[in-house]
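Asks: Heads up: take any position in the first sequence, counting from 1, add 88, and you land on our numbering.
We put the CB at the ideal spot given by N, CA and C, even for glycine.
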Amino acid sequence: MYIMTDISGKKPRRVTLKMIAEQTGFTINTVSHALNGKSDISARTTEIIKRKAQEMGYINDMTASALRSGFTKTIALILPNVANPFWAVLIKGINLELYRAGYTSLIMDTDENSHLEYRAVQSAISRKVDGIIICPNQLDTKAIQLIEKHRIPYIFLGRKFEDFPANYVIWDDENGGFLATSYLLSLGKRKILFLNGPRHISSSAERFRGYCRALASYQIPYDPALVAETTISAAGDNNDLLQILKQDLDFDAIFAFSDFIAWEIMVLLPKLKQVDISQIPIIGFDDIQSDLRLPLPFTTIGADKTLEVRQVVQSLLKIIKDPDSDTCYQIIMPTHLVFHNQPEGWAAPH
DNA sequence: GATGAACCTGCACCGATACT
DNA sequence: AGTATCGGTGCAGGTTCATC
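1) Determine the direct distance from the alpha carbon of Lys409 to that of Asn263, and round the result to whole angstroms.
2) With a 10 Å radius around its C-beta and 16 neighbouring C-beta atoms as the bar for buried, classify Ser157 as buried or exposed.
3) Within the same chain, show all residues whose beta-carbon is closer than 7 Å to that of Tyr146, passing over the 5 residues directly before and after it, in chain order.
4) Let's see if you can read the secondary structure: which residues bound the alpha helix (DSSP H) around Ser290?
5) When you compare each of Gln142, Arg239, Cys416, Arg132 to Gln402 by their alpha carbons, which one comes out closest?
6) With a 10 Å radius around its C-beta and 16 neighbouring C-beta atoms as the bar for buried, classify Gly298 as buried or exposed.
7) Can you tell me which residues form a DSSP beta bridge with Gln418?
8) When burial is assigned at 16 or more other CB atoms within 10 Å of the CB, is Glu294 buried or exposed?
9) Going by other Cβ atoms of all chains shown within 10 Å of its Cβ, with 16 needed for buried, is Leu281 buried or exposed?
10) Please determine if the segment 259-274 and the segment 296-316 are in contact, where contact requires at least 3 C-beta pairs separated by less than 8 Å.
11) Per DSSP, what are the beta-bridge partners of His424 in this structure?
12) Can you round the beta-carbon distance between Thr133 and Ala122 to whole angstroms, since I take them to be within the 8 Å contact cut?
13) Spatial neighbours of Pro253 within its chain, please: CB distance less than 7 Å, with the 5 preceding and 5 following residues excluded, ordered by chain position.
14) Using only alpha-carbon positions, find the residue among Pro168, Thr112, Ser274, Leu333 that is nearest to Gln142.
15) Under the three-state reduction of DSSP, which class applies to Val315: helix, strand or coil?
16) Is Val170 closer than 7 Å to Asp379 when the C-beta atoms are compared?
17) Applying the criterion that 16 or more other CB atoms from any shown protein chain within 10 Å of the CB defines a buried residue, is Asp374 buried or exposed?
18) So Pro168 and Asn225 are in contact, right, with Cβ under 8 Å, and what is the actual spacing, rounded?
19) Contact between the segment 377-396 and the segment 216-236 is defined here as three or more beta-carbon pairs at a separation below 8 Å; is this criterion met?
20) State buried or exposed for Arg247, treating a residue as buried only when at least 16 other CB atoms are found within 10 Å of its CB.
21) Can you look up Asp379 in the DSSP assignment and give me helix, strand or coil?
22) Along the beta strand (DSSP E) that carries Ser35, what are the first and last residues, could you check?
23) From the DSSP secondary-structure annotation, give me the bridge partner or partners of Tyr242.
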């Protein structure tokens with residue numbers, strides 16, 4: 089390791105291109121080009137410079153690089169709740185995909201809070217990120233307007249706005265809601281409690297649409313008393329879910345907005361009511377278990393997350409590469425039923 | 001000597017901040 | 001208020017060398 093000192097001989101200084109240039113006899117530019125693998129530098133020169141850089145312990149100064157090039161090779165990942173394993177799984181996949189493309193990520197949690205979302209976007213802009221992947225809270229559009237104002241390439245993940253065109257990768261939530269509800273109906277259940285997320289969120293609205301469509305296909309009248317909205321933020325406790333379950337509702341099956349909520353219900357319900365939980369089928373949404381491999385018997389709605397992650401990263405990188413392109417990336421991932429660890433002899437209904 | 005490719009260099013510039 | 005500084009890069013242009 090090469091430790092440089094200043095004139096007073098006190099402070100260690102980081103190795104710069106200038107120092108490598110002095111050591112090798114080439115100019116700063118040649119050193120820069122060689123280290124960046126530019127084709128206009130001979131293999132022999134590149135080899136000499138790279139060896140010296142390694143010997144001196146050179147690490148590229150990203151802020152200086154960004155100053156001139158305008159690119160930081162950083163993508164902001166602004167998500168509503170990183171404590172939810174669903175998002176943790178997606179973060180892991182996105183990180184890997186970004187790493188392969190030579191990018192690093194800046195992860196920020198908004199907790200479904202507008203103020204935090206706005207602050208996260210401000211922070212991303214101040215750090216000159218090259219692009220933003222955001223799952224908007226949809227309470228307002230201030231943060232999105234800020235991104236637009238600064239002309240930062242971005243893409244929505246998981247949610248979309250109906251009223252303005254933007255790039256997004258989402259699940260087919262309407263179909264997911266339909267499949268989940270149809271599955272419970274196929275078991276002979278007729279009073280399906282739908283514990284949805286807040287209706288201002290596009291995925292909640294779509295899943296509700298699917299729920300209604302499934303009821304209609306079985307000619308079952310829609311009962312508003314059997315649809316409730318619950319908090320989905322990380323900071324929120326189980327309070328509103330608790331209040332809903334405490335009510336004297338007459339239901340024989342539950343469709344939960346997410347696996348996370350479904351698991352909470354599985355814990356809370358036996359504590360609150362004298363019910364045999366095995367007689368009340370519960371279906372979740374997100375298919376976390378495919379990634380976490382928990383031994384729970386569980387039914388849920390899933391989609392190809394590996395493909396989803398690839399689609400969102402590759403689309404954003406294309407937007408960054410060609411920001412003036414008219415191409416709009418609006419990708420809807422197909423959803424399907426997933427059955428985990430069902431008892432022996434059990435068969436999924438058709 | 002003309003030509004062109006390969007290789008390398010010099011200038012200008014990025015934005016925030018310290019200094020004059 | 002104006003200037004210098006930090007480290008790195010885009011671009012234009014200069015030098016060298018091989019080939020005809």
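Replies: Taking the structure as given:
1) Counting only the Cα atoms, Lys409 lies some 33 Å from Asn263.
2) By the beta-carbon neighbour count (other beta carbons within 10 angstroms, threshold 16), Ser157 is exposed.
3) Hits under 7 Å: Val103, Ile108.
4) Where Ser290 is concerned, the enclosing alpha helix (DSSP H) stretches over 290-305.
5) Of the candidates Gln142, Arg239, Cys416, Arg132, the one whose C-alpha sits nearest the C-alpha of Gln402 is Cys416.
6) Answer is buried; the Cβ neighbour count reaches 16.
7) Paired residues: Tyr256.
8) It is buried - the Cβ of Glu294 has at least 16 other Cβ atoms within 10 Å.
9) Around the beta carbon of Leu281, a 10 Å sphere encloses 16 or more other beta carbons of the protein chains shown; the residue is thus reported as buried.
10) Yes, they touch.
11) BP columns for His424 point to Gly390.
12) The C-beta distance from Thr133 to Ala122 rounds to 6 Å, short enough to meet the 8 Å contact threshold.
13) Contacts found: Cys416.
14) Relative to the Cα of Gln142, the nearest Cα in the group Pro168, Thr112, Ser274, Leu333 belongs to Thr112.
15) Strand.
16) A distance of 7 Å or more separates the beta carbons of Asp379 and Val170.
17) Under the 10 Å beta carbon count, Asp374 is surrounded by 16 or more other beta carbons and is classified as buried.
18) With a Cβ gap of about 6 Å, Pro168 and Asn225 count as contacting.
19) No contact exists between the segment 377-396 and the segment 216-236.
20) Under this definition Arg247 is a buried residue.
21) Under the three-state reduction of DSSP, Asp379 is assigned to helix.
22) What is shown of the chain runs 89 to 438, which leaves residue 35 out entirely.
23) Note: Tyr242 sits in a beta bridge opposite Ile220.
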